[in-house]
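Using the numbering used here, the letters of the sequence shown map in sequence onto residues 274 to 331.
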Amino acid sequence: MPKQVKPNPGSDEAIKKGCSCPILDNGRGDQRLGDTRGFWIDGDCPLHAVDNPGTEGE
Ligand SMILES: [Zn+2]
274 MPKQVKPNPG SDEAIKKGCS CPILDNGRGD QRLGDTRGFW IDGDCPLHAV DNPGTEGE
């Protein structure tokens, strides 16, 4: 079963898929401002706020 790669939060691709994460704060999908890793995730984002504990390892 192929993995589904999620577009980075704030990227155009993610926005098209319904992402509601901060765009500018995520550098338009590049990376969080002032940081080298990690993204700001909107708690209501249907794309990125659905990571359920215990389902990692994809
Ligand atoms: Zn998102």
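Quick reminder that beta carbons are idealized off the backbone N, C-alpha and C, glycines included.
Taking 7 Å as the cut-off, does the CB of Leu320 come closer than this to any heavy atom belonging to ligand 1?
Counting from one through the sequence shown, the residue named residue 320 turns up at place 47. Yes.
Lys289 (DSSP reduced to helix, strand or coil):
Locating residue 289 in the sequence shown gives position 16, where the first residue counts as 1. Three-state DSSP puts Lys289 in a helix.
To the nearest angstrom, how far is the alpha carbon of Glu329 from that of Cys294?
By one-based count along the sequence shown, residue 329 stands at place 56. By one-based count along the sequence shown, residue 294 stands at place 21. Because the pLDDT at Glu329 is just 46, under 50, the model does not fix this residue reliably, and the value given afterwards should be weighed accordingly. Distance between the alpha carbons of Glu329 and Cys294: 21 Å.
Measure the Cβ-Cβ separation of Gly283 and Gly300 and say whether it is below 8 Å.
Numbered from its first residue, the sequence shown carries residue 283 at position 10. Numbered from its first residue, the sequence shown carries residue 300 at position 27. Yes. Within cutoff.
Between the Cα of Asp298 and those of Glu286, Lys290 and Asp315, spot the shortest distance and give me the residue it belongs to.
Mapped onto the sequence shown, residue 298 falls at position 25. When each option's Cα is compared against that of Asp298, the closest is Asp315.
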